[in-house]
Structures are given as structure tokens and as C-alpha cells.
Amino acid sequence: MEEKITLLNRESFGEFVKNNDCLVAFFKSKCPNCKVLLKVMEKCKAGRPEIAMACISSEDEEAVARMLAIGRVPTVLVYKGGEEKTRKSGVMKPAELEDLYLRA
Amino acid sequence: MSEAYDLLIIGAGIAGMTAAIYAARSNLKTLVIEREICGGLANQTHTIENFPSHPGINGMELMELVKEQMLACGAELREIVDIEKFDITGEEKSITTDEGVFAARALILAMGRTPVHLPIEADWDDHIHYCSLCDGNFYAGKDIIVVGGGNSAFDESLYLEGLGVKSITIVEALERCPAAEMTIQRTLATGKVSIRTSTTLTDIRPQGSKAQICLVNARTGAKEVMQTDGMFVFIGQKPATSAFSGILGLDSHGYIETTPDMGTNIAGVYAAGDIVAKRYRQLTTAMSDGTIAALEAHRFLCR
Ligand SMILES: Cc1cc2nc3c(=O)[nH]c(=O)nc-3n(C[C@H](O)[C@H](O)[C@H](O)COP(=O)(O)OP(=O)(O)OC[C@H]3O[C@@H](n4cnc5c(N)ncnc54)[C@H](O)[C@@H]3O)c2cc1C
Chain A
1 MEEKITLLNR ESFGEFVKNN DCLVAFFKSK CPNCKVLLKV MEKCKAGRPE IAMACISSED
61 EEAVARMLAI GRVPTVLVYK GGEEKTRKSG VMKPAELEDL YLRA
Chain B
1 MSEAYDLLII GAGIAGMTAA IYAARSNLKT LVIEREICGG LANQTHTIEN FPSHPGINGM
61 ELMELVKEQM LACGAELREI VDIEKFDITG EEKSITTDEG VFAARALILA MGRTPVHLPI
121 EADWDDHIHY CSLCDGNFYA GKDIIVVGGG NSAFDESLYL EGLGVKSITI VEALERCPAA
181 EMTIQRTLAT GKVSIRTSTT LTDIRPQGSK AQICLVNART GAKEVMQTDG MFVFIGQKPA
241 TSAFSGILGL DSHGYIETTP DMGTNIAGVY AAGDIVAKRY RQLTTAMSDG TIAALEAHRF
301 LCR
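The listed protein sequences derive, respectively, from chains A and B.
At position 79 of the first sequence the residue is numbered 79 (UniProt numbering), and the sequence of numbers has no breaks.
At position 113 of the second sequence the residue is numbered 113 (UniProt numbering), and the sequence of numbers has no breaks.
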């Protein structure tokens with residue numbers, strides 16, 4: 001079990017979502033709401049270490065963001081069984097993030 | 001059981017962080033409690049051009065520097081904290097949060113303001129934005145609407161134009177845009193911006209990723225329908241003080257009324273920054289409030 005949020009890139013993205021039921025956040029470096037969401041993710045991870053969590057830069061990995069039609073950041077995608085089950089954009093609270101994963 | 005401090009500061013914008021620097025340097029055991037992350041509104045400003053010592057600096061970068069300084073001074077910080085209850089009328093002020101209960105004899109409220117949302121319901125939330133730094137670059141080559149004609153709206157329009165947005169229509173309900181004339185002229189000089197004054201946005205009809213919007217001119221009654229790819233809203237901010245109504249002295253808009261020394265009607269409770277009833281709301285004025293509030297809190301605790 002990873003203790004931290006995993007930073008993905010175009011090479012590792014596919015493998016990660018195939019092998020883990022997980023939350024993946026798309027972010028941009030200069031985006032304040034992304035910074036908030038990543039901090040929320042850290043807090044959520046501290047309380048639920050068993051949930052795999054990752055993030056990927058929509059600037060550095062533009063092709064992945066385009067392929068998944070990421071229209072705004074932050075956007076969190078939930079993958080289960082290798083498939084995208086749901087997604088949500090904007091800032092959330094730790095409990096809302098956990099709920100997004102559990103309900104998907 | 002509560003964790004005891006000398007001073008609690010609610011909100012880690014520039015006002016709260018400045019107060020924390022002064023308090024920690026005065027040897028007060030200080031805890032800053034923040035709902036999101038350090039920096040507050042300034043995090044959303046791409047370039048700040050009127051901060052003494054920095055002719056032009058990114059807001060988030062500036063706030064990161066202040067945060068480092070605050071922590072180096074010894075102030076404690078908790079981010080992503082939900083406050084569930086404020087008990088501030090007694091000698092000991094106590095704050096109940098999802099991370100526990102914190103108590104101190106002195107408290108500084110520095111929760112700033114939050115953006116006013118568009119008063120129109122439309123199933124188009126993914127295209128209605130309040131932060132151009134976050135969402136602007138998805139609109140390169142596209143047509144957008146900016147709602148509001150104040151300085152924020154024009155500054156953000158300039159930023160969006162710089163990202164390669166195809167056209168910007170600024171919609172302002174007043175007869176004249178309240179923004180500074182120099183900023184208005186700079187924005188118009190880009191050739192990509194048009195302004196509709198005395199105009200209200202009355203309807204948004206989503207059409208796939210685009211929307212058809214309806215604008216009504218209040219003077220002539222004329223209606224204009226146009227298609228847009230997205231919308232950025234800058235129609236003001238409101239103070240987050242509803243929890244204190246009936247407890248703290250608030251003005252008719254909900255801002256906290258303070259003495260010149262940033263004291264409120266409750267002994268040991270101070271307010272600083274944009275949350276305070278005052279005319280000018282800038283980083284420098286928030287810093288001034290934070291400084292005074294911390295020094296007064298120190299004086300109060302030493303009595
Ligand atoms: C678009 C825009 C551009 C601007 N540009 C400039 C500029 O160029 N120069 C300039 O000097 N000023 C500028 N300003 C004004 C400046 O940003 C503000 O005056 C300043 O940031 C106010 O600081 P503050 O600490 O009072 O509040 P804020 O920065 O709003 O910080 C308040 C903090 O409190 C937190 N908070 C709120 N409620 C709670 C709660 N219940 N519990 C815990 N924490 C809470 C918030 O999350 C936030 O972090 C601009 C403002 C806007 C909107």
C-alpha cells in the first residue's frame with residue numbers, strides 16, 4: 001500500500017488505473033484550487049491509507065488530459081476494475097472525496 | 001479536552017499570517033486555523049503589482065513566502081480544517097473543529113471574503129468559473145463572457161486575453177464600469193474585448209459545451225442573445241460572518257465593526273483584513289490590520 005499520493009505521468013497512468021481501484025486528480029501547478037484539492041487528498045489519504053490516490057499534471061501530460069476530455073482542473077476521476085466510474089471537478093472536503101470514491 | 005494556546009487565528013490569508021508572524025515573534029503560543037490552504041484570495045491573483053518591494057509577483061508565490069516566514073517564526077498551522085463551533089463570548093475562546101477543540105484567551109478573526117456566485121440557475125456549472133488562474137487556459141481560441149465590470153473583472157480579462165482567448169464580452173449592470181479608467185483602456189486596447197454596460201445577464205441555455213445567453217439592457221429594454229463557450233464571474237465578495245450575527249457587532253453588509261485597534265465588542269476578540277468594515281481592502285491594509293490585532297492581543301494577554 002502506497003502511503004503517499006503517487007505522481008503519475010503518461011507512462012505510468014494506464015498501469016496505475018488498471019491495477020488499482022483509485023482516485024486520480026488532474027491538476028495544474030499555478031492553480032490555487034488544485035493546491036487545495038491536493039491538500040484535501042493528503043488529509044483524506046491520512047485517514048484512509050487503503051485507498052490508492054494519485055495525481056497527474058494536465059499541463060505536463062496534456063495528451064492524457066485531452067484523451068480523457070478534462071475540461072477544468074482540479075478534476076478527480078474514480079477508477080474501479082480498470083474503468084472510470086465517476087468524475088467530479090472543483091474543490092471538495094476530505095469527506096466528500098472519500099464519499100465520491102466509496103459511492104462509485 | 002482542548003488544546004491550549006495563547007492566541008488562535010482563524011484564516012491564513014495575508015491578514016491572519018501577518019498577525020501570526022507578529023504574535024509568534026512576541027512569544028505567544030499561536031495557532032492558525034485555515035479552512036483551505038494558506039494564502040487566501042491572493043492565491044488567485046496572477047500578478048500583484050502594488051506590493052511594496054515586489055513590482056510584480058505571482059500571488060501564490062508571495063503567499064508561499066509569507067507562509068514560510070510565519071512557520072519559521074514558530075506559529076503553528078492547521079490547514080483543511082472544518083470549524084464546527086465558535087464559543088467566543090467567555091474569557092476562554094474555544095473553537096471546535098474536525099481536528100479537535102482549541103482554546104485561547106485571545107482570538108483574531110481573519111476569514112476574509114468569498115466570491116458572490118451568479119444568481120442564475122443553469123445546468124452549465126462546468127463552464128461557469130470564479131478563478132481564471134485555475135480554468136482560463138481551457139478557453140484559448142474560444143469566446144467567453146466576463147460578468148462584472150470592476151477592477152477584478154478587467155484585470156482577469158487581461159489575463160485571459162493573454163492566454164489566447166478569442167473574444168471577451170464584459171457585462172456590467174451599472175451605467176459605467178467601476179474599474180479604473182487606465183485598466184479599462186488597457187483592456188480595450190487588446191482589440192478582443194467589448195463592453196456592455198447597463199446590461200444584465202438574465203438567462204443561460206446550455207447547448208452542448210456551449211451556451212446561449214440572454215443579455216438585457218436596462219435603459220433601452222433591448223435583448224441580445226449570444227453564444228459563448230464559458231463564463232468568468234467577478235461580481236464581488238461577501239464576508240463570512242454569518243456565524244457571528246447577534247454575537248459580534250456587524251455592519252449592514254455583515255462586515256465586523258472594530259475599534260481603530262482592531263478590537264471587537266468582545267474582550268480578547270479581534271478582527272483583521274477584508275472581514276473588517278472599512279473602505280479599502282488590499283494586501284497592505286490587511287497586513288496593517290493583522291499587525292495591530294496581534295500587538296493588541298499581546299497587550300491584552302499581558303494585562
Ligand atoms: C481578483 C482580485 C485581485 C486582487 N488584487 C489585488 C492586488 O493586486 N493587490 C492588493 O493589494 N490586493 C488585491 N486584492 C485584494 C486582496 O487580495 C485582499 O484584500 C486580501 O487578500 C485580503 O486578505 P485577508 O487575509 O483579509 O483575506 P483572505 O485573503 O480572503 O483570506 C482569508 C482566509 O480565511 C480562510 N477562511 C474563511 N473562512 C474560514 C473558516 N470558517 N475557517 C477557517 N478559515 C477560513 C479562507 O480560506 C482564506 O484563506 C485582490 C482581490 C481580488 C478578489
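Ideal Cβ placement from N, Cα and C applies to all residues, glycine included.
- Residue nearest to Val101(B) within the set Glu172(B), Leu8(B) and Val276(B) is Leu8(B) (criterion: CA-CA distance).
- Glu83(A) is classed as exposed because its beta carbon has fewer than 16 other beta carbons within 10 Å across all chains shown.
- Neighbourhood of Gly71(A) in chain B, by CB distance below 7 Å: Asp126 and Phe138, in chain order.
- The shortest CA-to-CA distance from Ala110(B) to any of Lys192(B), Val276(B) and Leu301(B) is the one to Val276(B).
- At a cut-off of 8 Å between beta-carbon atoms, Cys31(A) makes contact with chain B.
- Note that the stretch 248 to 263 of chain B does not touch the stretch 90 to 101 of chain A; fewer than 3 beta-carbon pairs, one per stretch, sit closer than 8 Å.
- Remark: C-beta atoms of Glu172(B) and Ile195(B) approach each other more closely than 8 Å.
- Around the beta carbon of Thr284(B), fewer than 16 other beta carbons sit within 10 angstroms, so the residue counts as exposed.
- Per the coordinates, the alpha-carbon of Tyr270(B) lies some 35 Å from the alpha-carbon of Thr183(B).
- Contact note: Gln185(B) does not reach chain A at a C-beta cutoff of 8 Å; the least C-beta distance is about 27 Å.
- Under a criterion of Cβ atoms nearer than 7 Å, the residues of chain A adjacent to Gln44(B) are, in order, Pro32.
- Of Asn43(B), Ile108(B) and Thr114(B), the smallest CA-CA separation from Phe86(B) is found for Ile108(B).
- In this structure, Asn50(B) has its beta carbon less than 7 Å from a heavy atom of ligand 1.
- For Glu79(B), the nearest beta carbon of chain A is closer than 8 Å to its own beta carbon.
- Cβ-Cβ distances below 7 Å link Tyr159(B) to His46, Ser132 and Gly136 in the same chain, with the five nearest sequence neighbours on each side left out; the list follows chain order.
- For Asp82(B), no alpha helix (DSSP H) run applies, since DSSP gives it neither H nor E.
- Under the three-state reduction of DSSP, Thr18(B) is assigned to helix.
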